[in-house]
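Engineer:
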Amino acid sequence: MARRKQRAKRRQLANGTAQFEKIEYTPTRIELKLDGRTAPESWPSVSLCMIVKNEAKNLAACLESVGDFAAEVIVVDTGSTDGTVEVAKSLGARVKHFDWIDDFAAARNESIRHAQGDWIFWMDADDRISAENLVRLKNAVASNQADGYFCSITSRHTGAEAGTRRLPHFRLFRNRAGIQFERPLHEDAAPSAERLGLTLALTNIEIEHTGYAASETALRAKAARNLPIIERALAQSPGDLFWRYHLGVTAALLGRTAEAVEHCAAVAANPPATLDREINLYNAHQTLIVGQMQLKRFDDARQSLARAQSEFAHRQHIWILAAAVHLALNAPQAALDALA
Numbered sequence: 233m234a235r236r237k238q239r240a241k242r243r244q245l246a247n248g249t250a251q252f253e254k255i256e257y258t259p260t261r262i263e264l265k266l267d268g269r270t271a272p273e274s275w276p277s278v279s280l281c282m283i284v285k286n287e288a289k290n291l292a293a294c295l296e297s298v299g300d301f302a303a304e305v306i307v308v309d310t311g312s313t314d315g316t317v318e319v320a321k322s323l324g325a326r327v328k329h330f331d332w333i334d335d336f337a338a339a340r341n342e343s344i345r346h347a348q349g350d351w352i353f354w355m356d357a358d359d360r361i362s363a364e365n366l367v368r369l370k371n372a373v374a375s376n377q378a379d380g381y382f383c384s385i386t387s388r389h390t391g392a393e394a395g396t397r398r399l400p401h402f403r404l405f406r407n408r409a410g411i412q413f414e415r416p417l418h419e420d421a422a423p424s425a426e427r428l429g430l431t432l433a434l435t436n437i438e439i440e441h442t443g444y445a446a447s448e449t450a451l452r453a454k455a456a457r458n459l460p461i462i463e464r465a466l467a468q469s470p471g472d473l474f475w476r477y478h479l480g481v482t483a484a485l486l487g488r489t490a491e492a493v494e495h496c497a498a499v500a501a502n503p504p505a506t507l508d509r510e511i512n513l514y515n516a517h518q519t520l521i522v523g524q525m526q527l528k529r530f531d532d533a534r535q536s537l538a539r540a541q542s543e544f545a546h547r548q549h550i551w552i553l554a555a556a557v558h559l560a561l562n563a564p565q566a567a568l569d570a571l572a
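If you want my numbering, it's the 1-based position in the sequence shown plus 232.
(1) Do Leu473 and Arg452 count as a contact pair if the criterion is CB distance below 8 Å?
(2) Going by DSSP, what residues sit across from Ser387 in a beta bridge?
(3) Closer than 8 Å is the cut-off here; do at least three beta carbon pairs connect the stretch 337 to 354 with the stretch 399 to 407?
(4) Please classify Ala455: is it buried, with 16 or more other beta-carbons within 10 angstroms of its beta-carbon, or exposed?
(5) Quick one: using the 10 Å Cβ neighbour count with 16 as the cut-off for buried, is Gln412 buried or exposed?
(6) Looking only at its chain, what residues have a beta carbon closer than 7 Å to the beta carbon of Asp420, apart from the 5 residues adjacent to it on each side?
(7) Taking the beta carbon of Gly410 as the centre, do at least 16 other beta carbons fall within 10 Å, making it buried, or is it exposed?
(8) What separation, rounded to the nearest whole angstrom, lies between the Cα atoms of Asp314 and Glu287?
(9) Have a look at Gly443 and Gln377 and give me their C-alpha separation to the nearest angstrom.
(10) Compute the Euclidean distance between the alpha carbons of Lys328 and Pro503, then round it to the nearest angstrom.
(11) When DSSP builds the beta bridges, which residues end up paired with Ser279?
(12) Assuming Thr435 and Asp379 are in contact, meaning their beta carbons sit under 8 Å apart, how far apart are those beta carbons, in whole angstroms?
(13) Per DSSP, what are the beta-bridge partners of His329 in this structure?
(14) Measure from the alpha carbon of Ala215 to the alpha carbon of each residue in Asn512, Phe301, His546 and Gln526, then state which is nearest.
(15) Under the DSSP definition of a beta bridge, which residues are partnered with Leu264?
(16) Between the alpha carbons of Gly311 and Gly480, how many angstroms are there, rounded?
(17) With distances taken from CA atoms, which of Ala422, Met282 and Asn515 is nearest Arg345?
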């Protein structure tokens, strides 16, 4: 009986659906500024783990940027038809196949299951790492100062909110039992590492993510792919504001404006700690105001704007939105004042 329970738990961990007991723990987080100029003479073995689908055009540049950091590369393919598998094999990767089940955590857990290195580092095919940050990665695993490291993922956005955004991701960690990815979308291994009482470090390692530079058509296709995953997650955890946020911004991309407004209003009114304030929460406010404008709910937009201005007065685009709201309310002088 005990062995059957253990096997069932391992299956849950493999597909990212395990439910954990609520326990009190005090995670240890430190901050490290790593040297990006002088690499160590040696470092522990690292397994680069990736999941891909139709990434033939991106994969080579990603792997080339990693250089000699990884002792092995594991590529889990979820159904490519564009030659991705052949490209991966030609670059020396070990390729494994995984049937896509609308669960990114499950696919990532399959990738780390095959890792033989002392450390695991994971990337997306549209990630790139510079030579300086590669040195920082080597110094991280050689330092033995932490059990896992957060990297700053930088992404360049175009349009009204053009610029570079940075968000910490838990990308590098020891290869040990118990560290598993959780959540079927926006998957994360940090919570499982913290439950083990491990020391995690915030670092100055930067990884460039090029995915947000994609066309609007590509972004909408990604949103359509993500939508059923988010809806299923929210059905399993009704009222979870993390999933309501992602459903709101995804619905907005797909033109489901009323739905976007409903969910983003809930998030703006009661922001959860699981969302980044400067990126996710700001985006929720922005999506809410734009949606209310599209629905011609101008008085609602004015009220939402007042709350957003109190939180994000330092964000330039809030004042551009303010001008648009005031113009819709036939207040041209207020619009000019917002842009002054």
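Glycine included, C-beta positions come from ideal geometry on N, C-alpha and C. Being a predicted model, the structure only gives us computed values, none of them experimental.
Structural biologist: In brief:
(1) If you check the CB distance, Arg452 and Leu473 do not come in under 8 Å.
(2) Arg397 and His441.
(3) Contact holds: three or more Cβ-Cβ distances are below 8 Å.
(4) Sixteen is the threshold: when 16 or more other Cβ atoms of the shown chains lie within 10 Å of the Cβ of Ala455, as they do, the residue is buried.
(5) Flag for Gln412 reads buried.
(6) If we look at Asp420 and ignore the five residues flanking it on each side, its Cβ neighbours are Phe402, Phe413 and Glu414.
(7) Answer is exposed; the Cβ neighbour count stays below 16.
(8) When rounded, the distance between both Cα atoms is 8 Å.
(9) Their Cα atoms are separated by approximately 31 Å.
(10) Distance between the alpha carbons of Lys328 and Pro503 is about 39 Å.
(11) Under DSSP, Ser279 takes part in a beta bridge, and its partners are Glu304 and Ile352.
(12) Not a contact, Cβ separation roughly 13 Å.
(13) Here His329 is bridged, per DSSP, to Asp309.
(14) Residue numbering for the chain in the displayed model covers 233 to 572; residue 215 lies beyond these limits and cannot be assessed.
(15) In the DSSP secondary-structure assignment, Leu264 is bridged to Thr435.
(16) Straight-line measurement puts the Cα of Gly480 at about 28 Å from the Cα of Gly311.
(17) Of the candidates Ala422, Met282 and Asn515, the one whose C-alpha sits nearest the C-alpha of Arg345 is Met282.
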